[in-house]
Amino acid sequence: MSPSSGKNISDGLNSDSFRELSRTTRLRLLAMHYHAGVGHIGGNLSSIDTMLYVHHCLMKPEDVFILSKGHAAGALYVTLWTLGVLSDEDLDTFHADASHLPGHPPPGYFKDIPISTGSLGHGFPVASGIALARKLLQKSGQVFCLCSDGEWQAGSNWEALIFSRHHNLTNLVLLVDMNGLQGFGTTSATASLNDLKRHFETFDLEVVELNGHSFDSLKEMNALPNGKRAVYLLNTVKGKGVSFMEDRLEWHYLPLTIDLYQKAVRELRE
Amino acid sequence: MTGDLGFKTLEPLRNVLGNRFINAGVAEQNMISVAAGLTLEGMNVWVYSIAPFCYARPFEQIRNDICHHSLPVKLVGNGGGYAYGPMGASHHALEDYGSLLTLPTLRAYIPAFADDLCSLVPRLQDIENPAYLRLGRCEKPAGQDAGKYSPWRKLLPGNGIPLVLVGPIAGEYWKTCLELPEDARPTLWVLSELPVDDLDTIPGELLDQAIVQGLCIVEEHTAQGSAGQQLSRLLLTSNVLPRYFWHFHSVGYPSGTYGSQTFHRRESGIVARQVLDKLGFVS
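Chain order of the listed sequences is B and C. Oh and the first sequence: position 53 is 53 in the working numbering, straight run, nothing missing. To convert, take the position in the second sequence, counting from 1, and add 1000; that gives the working numbering.
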């Protein structure tokens, strides 16, 4: 494995081929997590379609992607695998000793992972700094930042929202995985965040709600609001694609047993 | 970048830097993360605030976003130790460099005198790792020349045990010791860079004195994580054994009351005459 940025932008995807890409990538994700014996699968499955879409259909070579919800590192790793940046051998080291693929994105090794995350509320502020630098230096390229919905309980994100609005960082695109579940309950039961849309609108963001699992819906991101700061609220399902995981809190944490792994694989292959 | 501080100080810098001067507001966590993002894009970033707001509130951002990536962000904390005196405990920084030096690749710089910054600032501009610059009030005695800046400097010769001062507190000791005859005062040294982790960086003359006469270190910082701890560990693990080892440091707020920087130094027993008395130089 070596640091690489061998992105191969596949802009010819359609609804059918994206569905197949999504299915294949989910299978690879489950295999990786099963063999590593680790959880965090639910939040990976809710955000994996967004990561695939952004990397395959939206990002240009000069763009940057920041995964603020670092516990979805697995989905990022397999997304980079679909682009040829990571190999099967690389993914086999997930969570292993002496690995460059720990449970949350590592610092300073992959060009495609510019910042280590894992503690929530860091990615968006760092992304704001990158976006401001590009504005000051008159460099091109968008900065995409994917957060979780529960993560918006972190004050640092609101600090960054004030900052990015003040500096009018139109090159910063915020994505929020609205799967509705967090570490110990639903987001609505924990902090009544159902009105994130309204909050973002008060910060003069162009708020667009999408189905975070639908290619046709995600396509709307191709028409990034010109000259406006945008946030995409991606309505998703935690554990999406595996029936016994869908919308279930415990799959924030649980690793797969062999029986459940085989059941999940059967479902995805059908 | 500043966290909304620098009134009557940073205005000239703001005028020179134009849109490269950023007031990040009262939002230090975001400020540190933004600094990391700016640095990732190749910008050379200095971050300024009152010391505790610079290192304590955004500690995780310093750890994760700056130090885990070894980004050469310069953190400038004004008012190290009790420098903000009557402002109260929230504005004091008694554990700043001790906390920060637990983080990978970060080094702390504690200039003793205003002139030191003429050497330090250009040097920090080109460093490759995170830096914490702890500023304090210059207490250099009038008419004295501290010589060229270096991490270790001998300020004043004496006949007694060497006394190592960390940062600006050196000025008060210098002034007090000038009133004593050379054969009845300690040799004064000032230490301005941490960690102390390499025996070769310590002047041989100081080590020789320590072995023969002992060693005393004084600092406006808690014992935990202090320069004294670092120095004693380095000496012991290097099998360099000072004849005696004294360490005078901040002890917090023993009376539960608040006052000037000098008041708090006195409560900690680190005012020059208190230490010199304990060492037998004055009575």
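We treat Cβ as the ideally placed atom computed from N, Cα and C, and that holds for glycine.
Span of the alpha helix (DSSP H) around C/N1078:
Within the second sequence, residue 1078 of chain C is the residue found at index 78, counting from 1. Counting along the chain, C/N1078 falls outside any alpha helix (DSSP H), though it belongs to the beta strand (DSSP E) covering K1074 to N1078.
What did DSSP end up calling B/A133 once you bin it into helix, strand or coil?
Here residue 133 of chain B refers to the residue found at position 133 of the first sequence. The answer is helix: DSSP assigns B/A133 an H, G or I state.
Please compile the residues from chain C whose C-beta is within a distance smaller than 8 Å of the C-beta of B/G108.
What you label residue 108 of chain B is simply residue 108 of the first sequence in a count that begins at 1. What B/G108 touches in chain C: H1068, H1069 and S1070.
Is the CB of B/V126 under 9 Å away from at least one CB in chain C?
The residue given as residue 126 of chain B occupies position 126 in the first sequence. Closer than 9 Å: yes.
Measure the C-alpha to C-alpha separation of B/L21 and B/E270 and round it to an integer number of angstroms.
Looking up residue 21 of chain B in the first sequence gives position 21. Looking up residue 270 of chain B in the first sequence gives position 270. Distance between the alpha carbons of B/L21 and B/E270: 15 Å.
I'd like to check one pair, C/L1106 with C/A1083: are the Cβ atoms closer than 9 Å?
In the second sequence, residue 1083 of chain C corresponds to position 83, counting from 1. In the second sequence, residue 1106 of chain C corresponds to position 106, counting from 1. Not closer than 9 Å, so no.
Taking all protein chains shown into account, decide if C/V1016 is buried (16 or more other Cβ within 10 angstroms of its Cβ) or exposed.
Mapped onto the second sequence, residue 1016 of chain C falls at position 16. C/V1016 comes out exposed.
For B/T117, which option in C/G1006, C/L1120, C/S1033 and C/G1256 has the closest C-alpha, if you only look at C-alpha atoms?
Your numbering for residue 117 of chain B matches position 117 in the first sequence. Among C/G1006, C/L1120, C/S1033 and C/G1256, the Cα nearest to that of B/T117 belongs to C/S1033.
Of the residues that make up the segment 1087-1101 of chain C, which ones have a beta carbon closer than 9 Å to any beta carbon in chain B?
none
May I ask you to report which of helix, strand or coil DSSP gives B/H252?
Counting from 1 along the first sequence, the entry for residue 252 of chain B is found at position 252. DSSP places B/H252 in helix when its eight states are reduced to three.
Under 8 Å from the C-beta of C/S1232: neighbouring residues of chain B
Along the second sequence, read from residue 1 onward, the residue named residue 1232 of chain C stands at position 232. Going along chain B, no residue has its Cβ under 8 Å from C/S1232, so there is no contact; the nearest lies around 32 Å.
What three-state label does DSSP hand C/T1002 in the structure shown?
If you number the second sequence from 1, residue 1002 of chain C lands on position 2. Three-state DSSP puts C/T1002 in a strand.
Measure the alpha-carbon distance for C/A1024 versus B/F124 and round it to whole angstroms.
Position 24 of the second sequence, counted from the first residue, corresponds to residue 1024 of chain C. Position 124 of the first sequence, counted from the first residue, corresponds to residue 124 of chain B. If you take the alpha carbons of C/A1024 and B/F124, they lie about 15 Å apart.
Check the Cβ-Cβ distances between B/T117 and every residue of chain C, and say whether any is below 9 Å.
In the first sequence, residue 117 of chain B corresponds to position 117, counting from 1. By this cut-off, B/T117 is an interface position.
For B/G150, which residues of its own chain have a beta-carbon under 6 Å away from its beta-carbon, when the five flanking residues on both sides are left out?
Looking up residue 150 of chain B in the first sequence gives position 150. Here the set comprises Q182 and T187.
Identify the contact partners of C/R1020 in chain B, using a Cβ-Cβ distance below 9 Å as the criterion.
If you number the second sequence from 1, residue 1020 of chain C lands on position 20. The answer, in chain order, is L136.
Would you tell me roughly how many angstroms separate the C-alpha atoms of C/P1141 and C/K1148, rounded to the nearest one?
Here residue 1141 of chain C is taken as the residue at index 141 of the second sequence, counted from 1. Here residue 1148 of chain C is taken as the residue at index 148 of the second sequence, counted from 1. Going from the Cα of C/P1141 to the Cα of C/K1148 covers about 16 Å.
For the beta strand (DSSP E) holding C/E1292, just list the boundary residues, first then last.
Outside the shown range of chain C, which is 1001 to 1283, sits residue 1292 of chain C, and nothing can be said about it.
Determine, for B/I293, whether the minimum Cβ-Cβ distance to residues of chain C falls below 9 Å.
There is simply no residue 293 of chain B to check, as chain B begins at 1 and stops at 270 in what is shown.
Note down, in chain order, every chain B residue with its Cβ under 9 Å from the Cβ of C/G1025.
Here the question's residue 1025 of chain C lines up with position 25 in the second sequence. In chain order: E159, I162, F163 and H166.
Determine which residues of the segment 54-84 of chain B have a Cβ less than 7 Å from any Cβ of chain C, and write them out in chain order.
none
Does any residue of chain C have a CB that is nearer than 9 Å to the CB of B/T111?
By one-based count along the first sequence, residue 111 of chain B stands at place 111. Here residue 111 of chain B is Lys; the residue named in the question, Thr, does not match the sequence. It does not: the Cβ of B/K111 has no partner Cβ on chain C nearer than 9 Å.
Quick one: list the residues of chain C neighbouring B/P102, beta-carbon separation under 8 Å, in chain order.
Translated into the one-based positions of the first sequence, residue 102 of chain B becomes position 102. Residues of chain C passing the Cβ test: none, with the nearest at roughly 12 Å.
Starting from the Cα of C/M995, find the closest Cα among B/G129, B/L45 and B/G241 and give me that residue.
Nothing in the structure corresponds to residue 995 of chain C, since chain C is present only between 1001 and 1283.
Beta carbon of C/G1037 nearer than 9 Å to that of B/A133:
Translated into positions along the second sequence, residue 1037 of chain C becomes position 37. Translated into positions along the first sequence, residue 133 of chain B becomes position 133. It is a contact, given that the beta carbons lie within the stated cut-off.
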